[in-house]
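Taking it in order: structure first as structure tokens, then the write-up.
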Amino acid sequence: MDAIMVRWVDMARSAAVLDTGFGALDLRKARKQSLTGPVTFEELGYEAFPIKFLVPDFMVPCNLYIPVMAKGEKLPTFVKVLERGQSYSEAWRKALKEQRVHELYVEAHEVAELDGYFHEILRAYAEDEATPIAQKALVLHHYGEFIARRLFGEVNDGTFVKKAGQWADAVVRYLRSNRLRAGHIYRRFMKNYEMFTHSVQVSMLAMAFCWHMNWRHEDVVRLGSAGLYHDIGKVWVDSRILLKPDSLTREEFAHIRRHPESAYAHLASMGWMNADQLATVRQHHEAMDGTGYPLGLKGSEIHPFARVLHICDCFDALTTHRPYKKAVTPFKALRIMQSEMRLSFDRHLLYKFIQYLGS
Ligand SMILES: [Fe+2]
Ligand SMILES: [Fe+2]
Numbered sequence: 114m115d116a117i118m119v120r121w122v123d124m125a126r127s128a129a130v131l132d133t134g135f136g137a138l139d140l141r142k143a144r145k146q147s148l149t150g151p152v153t154f155e156e157l158g159y160e161a162f163p164i165k166f167l168v169p170d171f172m173v174p175c176n177l178y179i180p181v182m183a184k185g186e187k188l189p190t191f192v193k194v195l196e197r198g199q200s201y202s203e204a205w206r207k208a209l210k211e212q213r214v215h216e217l218y219v220e221a222h223e224v225a226e227l228d229g230y231f232h233e234i235l236r237a238y239a240e241d242e243a244t245p246i247a248q249k250a251l252v253l254h255h256y257g258e259f260i261a262r263r264l265f266g267e268v269n270d271g272t273f274v275k276k277a278g279q280w281a282d283a284v285v286r287y288l289r290s291n292r293l294r295a296g297h298i299y300r301r302f303m304k305n306y307e308m309f310t311h312s313v314q315v316s317m318l319a320m321a322f323c324w325h326m327n328w329r330h331e332d333v334v335r336l337g338s339a340g341l342y343h344d345i346g347k348v349w350v351d352s353r354i355l356l357k358p359d360s361l362t363r364e365e366f367a368h369i370r371r372h373p374e375s376a377y378a379h380l381a382s383m384g385w386m387n388a389d390q391l392a393t394v395r396q397h398h399e400a401m402d403g404t405g406y407p408l409g410l411k412g413s414e415i416h417p418f419a420r421v422l423h424i425c426d427c428f429d430a431l432t433t434h435r436p437y438k439k440a441v442t443p444f445k446a447l448r449i450m451q452s453e454m455r456l457s458f459d460r461h462l463l464y465k466f467i468q469y470l471g472s
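Using this note's numbering, the first residue of the sequence shown is number 114, and each one after it goes up by one.
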């Protein structure tokens with residue numbers, strides 16, 4: 114059973130001040146403690162909610178809690194720190210940041226409804242010219258990450274395909290009405306690799322790039338929602354291999370290389386996606402010179418969606434810190450892609466991609 118992390122505070126000492134507000138619960142003095150036992154947060158009925166998803170000046174979408182561990186207890190108590198409908202102010206954002214609180218907890222049954230929160234913010238932003246595009250891009254990014262976290266966690270739940278499509282549609286509508294530039298998207302790269310954020314980055318970049326090339330709205334949406342799923346096959350790869358800091362053995366490498374095929378098999382059997390989307394997921398590691406995997410397809414045998422995704426996937430991989438390698442700058446990433454990796458990509462698309470990033 115996985116250990117779960119909780120913040121430890123002396124409940125007896127803190128109980129008197131908990132009611133008076135979050136500020137009184139001095140989390141700087143709290144220390145993290147690993148709780149091992151036959152429980153997970155999920156079993157306790159709660160799920161993590163990253164603080165970064167909350168946008169100042171909008172109402173808190175649900176009650177948010179912090180798990181507090183009393184001395185001698187085996188299970189945490191969930192203390193409400195933000196209430197549904199309360200305004201989330203900039204002061205709150207700063208206070209939580211100062212306290213180094215990166216995530217709160219939400220009652221699990223409320224999580225499914227949270228995409229309404231992102232919709233509401235995006236609807237408000239659509240009319241609001243004063244909000245910087247970078248902030249709008251950030252909310253689109255967080256909305257995508259919220260869905261990616263859910264769909265990676267519940268791979269058998271088809272409702273997330275629809276939600277991924279709604280997210281992709283929201284991105285394309287923004288691409289249509291705002292000057293969302295490549296920099297707004299890839300500026301967020303060069304961070305530590307996380308499966309969810311990687312999926313969002315690759316997908317958003319691919320959509321923005323294809324929109325820039327005047328692809329049809331519905332094709333960009335299809336590519337975008339498949340992009341969110343492109344690495345779903347890694348759910349079936351042992352995480353010790355995925356996070357291994359040393360070089361992989363031949364067997365481990367072969368194990369990872371199965372992820373496009375296992376994703377394809379799963380998604381095809383579920384009947385959630387059309388042929389273009391299935392090809393995108395299955396072929397995103399195919400290379401133009403036939404050296405890719407899983408099928409070793411060549412040139413025009415590779416679906417155009419997959420060729421775009423392959424470029425964006427490599428760009429993100431190069432510009433993100435991984436356990437086994439440091440990130441390079443976007444400029445250096447493009448140099449590598451143009452030199453040692455060039456035979457892997459559709460030459461025409463790579464040329465356009467470089468132009469797009471510089472636009
Ligand atoms: Fe992949
Ligand atoms: Fe990927």
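Just so it is clear, CB atoms sit at the ideal spot from N, CA and C, and this is done for glycine as well.
Just so it is clear, the structure is predicted and the values come from calculations on it, not from any experiment.
Annotation: the continuous alpha helix (DSSP H) that includes ALA319 extends over 308 to 325. Rounded to whole angstroms, the gap between the alpha carbons of CYS323 and VAL441 is 24 Å. Cβ-Cβ distances below 8 Å link HIS416 to ASP389, ALA392, THR393, GLN396 in the same chain, with the five nearest sequence neighbours on each side left out; the list follows chain order. Inter-residue distance for PRO180 and ASN387 is about 42 Å (C-alpha atoms, whole angstroms). The Cβ atoms of LEU235 and TYR178 lie no closer than 9 Å to each other. Per DSSP, the unbroken alpha helix (DSSP H) holding GLU365 starts and ends at 363 to 369. Bridge pairing for THR190: VAL181 [DSSP]. Of the other Cβ atoms in all chains shown, fewer than 16 fall within 10 Å of the Cβ of GLU211; this residue is therefore exposed.
Ordered along the chain, residues surrounding ligand 2 are ASP344, ASP426 [Cβ under 5 Å from any heavy atom]. LEU356 and THR362 have their C-alpha atoms some 13 Å from each other. For ASN291 and GLU220, the gap between their C-alpha atoms comes out near 35 Å. Assigned with DSSP and collapsed to three states, GLU414 falls in helix.
The straight-line gap separating the alpha-carbon atoms of GLY296 and LEU470 is approximately 7 Å. Counting only residues of its own chain and dropping the five nearest sequence neighbours on each side, LEU410 has a CB closer than 8 Å to the CB of GLN396, GLU399, GLY403. DSSP lists GLU216 as the bridge partner or partners of PRO163.
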